[in-house]
Each structure stands twice: as C-alpha cells, then as structure tokens.
Amino acid sequence: MATTTQPRVISCDDIPSSPTSPSSCPSSPSKKLANPLADELLTRCLKISDEITLLEKKLLQRLPPKQRSKKGNLPIELRHFKNAIMVEQRLLESLSYSPPTPKTQHSLRSSNLKFLESVWSVAKTCSGLQVIFRTVQLLDHPTDNAAKLRGKEKKELKKKKTPVQVDIIAQSGLEWIKVANLSQKRLETEFAKARWEAEGFRDEESDEEDDIPDDDHQVEGKGKEKEKDIAQTILEFQHGSDAFSLVKSAKSMFLAAQQTRVQYLHPEITIVLPNIDYDPENPQPGSPVHALITAILETGARVQTSNNTIICPTPSGPLKDNFGNTITNRLSPPITQPRTPDSETPEEAALTTLSISSDPITLITPQILLDCTVLLALVSDLSHESVAETPVFHRYILQQVRAEKEEPLLPHWIYPSIQGREMICTFDAYKRFREIVEIVGSENEKVRADALVWGAGRDWRHPSSSPSKSPQTGNDTGITKSETGDILLPDGRTRTQLIETLQSLSKHPVPLTLNLPITVVDSLEHKLTSHNPVAAKIGPELSAVNRSSLFTAWEMGITIVTTNGSVVKRLEWLVEENRRKDDDVGPKVHLLAIARSLVGKMKKSVEILSED
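In this text, residue positions in the sequence shown follow this note's numbering: the first is 203, and each later residue adds one.
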C-alpha cells in the first residue's frame with residue numbers, strides 16, 4: 203500500500219520532548235489512513251507544534267547559558283497553549299485511523315483546532331508577547347487597601363475573586379487579547395432566533411392585554427408604547443444570546459484590567475473577531491455585526507475584525523507606554539524591523555521577530571541612566587577577573603564569587619542592556635561611586651573607573667568646581683571628535699582607547715559598541731518635584747543618591763538601569779500609594795537582579811560599602 207509522508211518535525215536537542223516527538227505520532231505509517239479529514243487536521247496541528255518547538259529553541263538561544271536549564275524560564279509562557287495543542291493532537295491521532303462515522307465526523311467538524319490556529323495566528327503578530335492562555339482574577343468587590351489586608355480579611359478577599367480567561371497577553375503586559383471564532387453566519391442566525399423568540403414572547407403578552415377594553419386615545423398611545431417595548435424585548439433577547447456572551451467576557455476583562463497595573467498603567471483590552479467583516483466607514487446600523495461591535499466597544503474594549511482594522515471605544519491615538527512613547531501596533535510593522543537571517547523562511551523569520559520582541563531589553567530607551575550599583579558592577583574585579591575564594595572575604599563577597607563562576611554578569615546581563623546606547627549618570631551617583639572606589643577599590647578597579655566615566659571636568663572631591671553637563675541645557679562636557687570621527691576627551695583619550703583599557707583588564711570581550719565614556723550630568727530632582735506632586739511626596743522616602751538617579755531618569759523620560767531591586771520595589775509601592783490621578787506614572791526601570799561589589803580591599807571584618 204502507498205505510504206503517507208509524515209509532517210517534518212523540527213529537532214531541538216536542548217528542549218524537552220514536544221507533542222511532535224516520534225513517540226506521539228502514529229506508529230504504523232504504512233497503514234492506509236481511514237479518515238482523510240482527521241489526517242488533514244492532524245497535519246495542521248503538527249505544524250503548530252513544530253512552530254512552538256522552534257520558537258522555544260529561539261527563546262532559549264537568547265537566554266544566558268545558566269538560565270537555559272531552568273524550567274519555566276522562557277520569557278513567553280506557552281505551557282497551557284502547548285497542553286491544549288497536545289490534547290487536540292491526541293484526539294486527532296486516535297481518529298485518523300478510525301473509519302469515518304457520523305459521530306467521529308461531528309467530533310472533527312467541532313474540533314477546537316480552528317480556535318487554536320486563530321490564537322496562534324494572532325499571537326505571531328504580537329510585539330512583546332508574554333503569555334498564551336492565562337487566567338486573571340477579578341475582585342468582585344475591589345478595595346483600595348487590598349495590599350494592606352492581613353489574616354482573615356485577606357482570606358475573605360481571596361474568596362471574592364472571579365476567574366477571567368485571557369487568550370493572549372502582549373505588548374509586555376499592556377495588551378490583553380481575547381480571540382473569538384464567531385462567524386458572521388452564526389451571528390446572524392442567533393440574532394434571527396432572538397428576534398423570533400422575542401416576538402413570540404410579546405405576542406403572548408399582547409393576547410392577554412387584548413382582553414381588556416380601551417378607548418381610542420389609549421389604543422393609539424399603547425400602540426407606540428408596544429412598538430417600543432417590542433424593540434426593547436428583541437434587544438434583550440439578542441443580548442442574552444450565545445454570541446453576546448463575548449460582550450460579558452469583554453466587560454470582565456476590562457474590569458480585571460482596571461484592577462491591574464503594568465508599568466503603572468492599566469492594560470488595554472482587544473477582542474479579535476477573525477471571521478467578522480466590518481467597515482467603520484460603512485457601519486450599517488441595525489445589522490447584527492454593528493450591534494455586537496457596538497456592545498463590545500461600550501465595555502471599554504477595542505475590537506479587531508478580519509480586515510485587520512482595530513476599532514477603539516473612543517477616538518484615541520496609538521497605545522503608548524508610561525512615557526508617551528508609541529507602542530508598536532500589532533498590525534503595523536515597526537519602522538526598524540529586527541534583523542533576521544536571510545536563509546530563514548517567512549514563517550521562521552516571524553518566530554525570530556517574536557522571540558526578539560519578547561526580550562525586556564527591547565523596552566530600554568536609546569539613552570539610559572546608570573545608577574551607582576551598575577557603575578560598581580562595571581568596574582569590579584569580580585566582574586572582570588577570576589577571583590579565588592578567600593576566607594578573609596565577607597560572606598556576601600564569597601556569594602558573589604560563586605555566582606560569577608556560574609553565570610558571568612557582564613557578558614550575559616550588563617553589556618546586552620547598555621551596549622549601543624548613550625549612557626549618563628548623575629553627579630551624586632558618580633561622587634558616591636568614586637568615594638567607594640577610592641576607599642576599597644583595587645588598582646585595577648581604579649583604572650577601570652577612570653576609563654568608564656568622564657566627570658566633565660568636575661572634581662568629585664570638590665562639588666563646587668566647574669559644573670557638569672546638564673541633560674536639559676546640554677552644557678559642553680569638553681568631549682569632541684577626532685579627525686577619524688572617534689570620540690575625543692579633553693585629556694587626549696579616544697573612545698577606542700577607553701575600550702582597549704577596559705579590555706586589557708578583563709577576561710570578557712568588551713563590546714565595540716559600548717558608548718564610552720559615561721557622561722556625568724546634574725540632577726534634575728528639583729525640577730521634577732517642582733511640577734510632579736507624586737515625586738514631591740515620595741522624595742523624602744528615598745536616600746539622596748537613589749533620589750538623584752531615579753528622579754533624573756523620571757524627569758528625562760529615559761530608562762534607569764540598576765541592580766537595586768529593593769529600592770525599585772519600594773519606589774513602585776510609593777507611587778501607587780501616593781498617586782493623585784489614574785494616569786500618574788513612575789520612572790522607567792530596567793532591573794538587573796544580580797549585583798557586584800568591589801573586592802579590592804574587602805575583609806571579613808570590614809562593612810561592605812554600598813549605595814544607601
């Protein structure tokens with residue numbers, strides 16, 4: 203008998219076996235397929251499985267080696283979606299070699315695969331994809347002080363939650379998407395059924411009312427009222443139909459989003475209707491499609507139809523992040539597309555773009571501000587050299603020595619976050635950084651500090667000397683360009699020489715795109731607090747050094763890169779507790795969860811000097 207060619211499975215040795223592994227496929231390909239429809243659906247199902255496997259491989263390749271072995275560490279959560287695909291695949295496999303019967307054919311025609319294909323198709327258009335299939339919680343009775351509740355009160359609050367299903371979370375958490383495979387034909391059928399039921403219901407009421415005699419004026423008035431009641435009854439029956447359950451889901455998602463904040467903002471809700479045609483320029487009022495879309499928009503959600511048009515509840519600009527920067531629309535490719543290998547097929551290139559856009563590094567602004575903790579990590583011997591464990595080291599230093607051996611900080615975390623970007627730091631952070639280097643830094647750490655930061659001619663020992671660069675006025679730092687176009691410092695050093703200095707003292711390759719030197723700027727703390735009441739209120743809760751860096755980045759609208767997780771967490775809490783308006787936001791933060799101290803003269807009995 204003729205053999206059937208099985209769909210190609212993409213191998214990936216460093217990923218656990220997927221639903222497409224050979225063991226899960228039919229074991230006897232030589233048998234003639236008894237159900238062609240099941241085989242067609244199975245082929246489509248395996249195609250999605252192959253693409254998921256390839257996406258996971260691409261995501262793993264972007265992770266540091268240490269992170270690749272950790273379960274559930276991918277930036278995109280695919281577990282629930284993969285399980286749904288696996289369940290569907292097993293069902294289709296069992297039906298592929300069974301003769302068609304009315305029951306099996308009905309099961310195939312009602313397969314969930316078409317919905318899964320629609321979800322996957324929409325997900326591949328997303329930027330900053332985070333999750334496919336997640337249940338979020340809607341508090342039945344939200345409270346402003348939920349975070350402060352303890353004990354019995356907290357348990358009671360948890361009991362008042364309603365689960366809400368979200369199909370896709372994208373735009374780095376700022377967009378929640380629900381996909382509905384509702385067809386236009388089904389929508390029209392349900393609306394016609396609702397009209398028929400409503401008219402039958404009104405006819406029964408009319409028969410009862412006809413038994414009561416009325417005068418002519420009452421008859422005329424009741425006639426108009428009757429027509430109005432019939433229209434209202436039809437509308438109520440339509441809203442009670444299965445098609446309108448989507449409106450209830452949109453409302454629940456919108457309410458849950460209003461109880462959630464991502465980057466200080468509420469997520470946007472988008473309902474995707476891939477099988478519904480709708481032209482906003484010609485809405486056709488009164489049609490079932492117009493009625494459904496209008497009802498969804500009234501919940502506060504957006505609607506995307508088959509012609510890839512996104513209709514918003516109110517005329518508004520594109521979705522923006524917490525600094526007013528436009529977030530890439532899924533339907534409009536970004537101006538600068540991520541570079542993908544020329545040898546890739548369009549499908550593979552789409553998955554490559556998806557994996558790149560899910561990286562938090564893509565959210566970092568072109569200009570960044572480094573705080574004191576990152577400056578210390580950039581010059582520390584722990585980051586650049588192989589430091590042996592010594593009993594005289596403080597226990598925190600010993601922990602960092604071991605952590606560096608397992609996962610080097612510079613090549614895997616810091617360099618990818620800062621290379622190719624303009625780097626600045628505030629004078630307060632620079633001063634604190636130089637004080638620590640002078641007290642506990644080794645000779646190599648001091649040389650790196652000189653190559654890393656240019657103090658703009660301002661002596662950190664005497665802050666009253668010539669001013670540093672102002673990020674707003676752009677005061678001259680003395681940095682110019684050489685004849686070859688290289689950055690030239692007043693002391694004659696070039697950017698190339700600064701990178702060579704760092705490279706001579708490091709075991710890790712220093713990126714040639716590292717835009718040295720880091721320039722020192724004046725703090726904009728006072729400027730921010732003069733017009734931002736939230737910043738003015740929370741300022742006293744932060745140390746002077748932390749306040750200087752955070753508030754300057756906040757005022758400039760740029761990303762601050764830090765390893766100080768405790769301060770970042772406290773800042774987010776302070777902003778939420780002291781917000782005056784719903785759209786109040788804090789600074790954009792890129793947190794590196796691994797810190798490094800200086801090891802130069804650190805002894806077990808010496809207190810670690812770190813940022814306040």
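Cβ atoms here follow ideal geometry from the backbone N, Cα and C, with glycine treated the same way.
| Check | Outcome |
| --- | --- |
| Give the range of the alpha helix (DSSP H) segment to which I740 is assigned. | P735 to I740 |
| From T255 to L280, what does the alpha carbon distance come to, in whole angstroms? | 10 Å |
| Please classify R311 as buried or exposed, where buried requires at least 16 neighbouring CB atoms within 10 angstroms. | exposed |
| So for L716, helix, strand or coil by DSSP? | coil |
| Straight-line CA distance for A579 to I616? | 9 Å |
| Between the segment 290 to 297 and the segment 327 to 335, are three or more C-beta pairs nearer than 8 Å? | no |
| Per DSSP, which residues does A372 bridge with? Please list them. | E377 |
| Please classify K284 as buried or exposed, where buried requires at least 16 other C-beta atoms within 10 Å of its C-beta. | buried |
| Taking the CB atoms as reference points, tell me whether T472 and E319 lie closer together than 8 Å. | no |
| What span of residues does the beta strand (DSSP E) with R827 cover, start to end? | One cannot answer for residue 827 here, as it falls past the ends of the chain, which runs 203 to 814. |
| With a CB to CB cut of under 7 Å and the five nearest residues on each side skipped, what residues in its chain are close to S750? | T628, D630, A631, S725 and E727 |
| Taking DSSP's pairing of strands, which residues face G656 in a bridge? | Correcting the residue type first, residue 656 is Trp in the shown sequence and not Gly. Its beta-bridge partners are T721. |
| At what residues does the beta strand (DSSP E) containing T764 begin and finish? | T761 to T764 |
| With a threshold of 6 Å on Cβ separation, who are the neighbours of L776 within its own chain once the five nearest residues in sequence on each side are excluded? | I740 and E743 |
| Return the CA-CA distance between I287 and S251, expressed in angstroms with no decimal places. | 7 Å |
| Cutting at 7 Å between CB atoms, please list the residues of its own chain near L714, excluding the five before and the five after it. | I701 |
| Out of curiosity, what's the CA-to-CA distance linking Q269 and S385? | 43 Å |
| With DSSP collapsed to three states, give me the class of L793. | strand |
| Ordered along the chain, which non-local residues of its own chain (more than five positions away) have a Cβ less than 6 Å from that of S559? | S329 and G330 |
| Which residues bound the alpha helix (DSSP H) around E253? | P238 to Q263 |
| For I638, does the three-state DSSP call read helix, strand or coil? | helix |
| Put I689 into one of helix, strand or coil per three-state DSSP. | strand |
| DSSP state of C627, grouped into three classes? | strand |
| In whole angstroms, what is the alpha-carbon distance linking D652 and R697? | 12 Å |
| Thinking C-alpha only, which one of P301, A459 and C574 is nearest A236? | P301 |
| Quick one: what does DSSP say Q461 is sitting in, helix, strand or coil? | coil |
| Is it the case that the Cβ atoms of L457 and V505 are separated by a distance below 8 Å? | no |
| Are V366 and S454 touching if we call contact CB-CB under 8 Å? | yes |
| Identify every residue that forms a DSSP beta bridge with L572. | V763 |
| For T391, collect the residues of the same chain with a Cβ closer than 8 Å to its Cβ; drop the 5 residues on either side in sequence, then sort them by chain order. | none |
| Could you tell me which residues DSSP pairs with L578 in its beta bridges? | Paired residue(s): none; L578 is not in a bridge. |
| How should G502 be labelled, buried or exposed, when 16 other C-beta atoms within 10 angstroms of its C-beta is the threshold for buried? | buried |
| Threshold first: 3 residues or longer. Then list the beta strand (DSSP E) segments lying entirely within the segment 283 to 345, N to C. | 333 to 341 |
| Which residue wins for smallest C-alpha separation from L794, given the options L800, V787, T765 and P304? | T765 |
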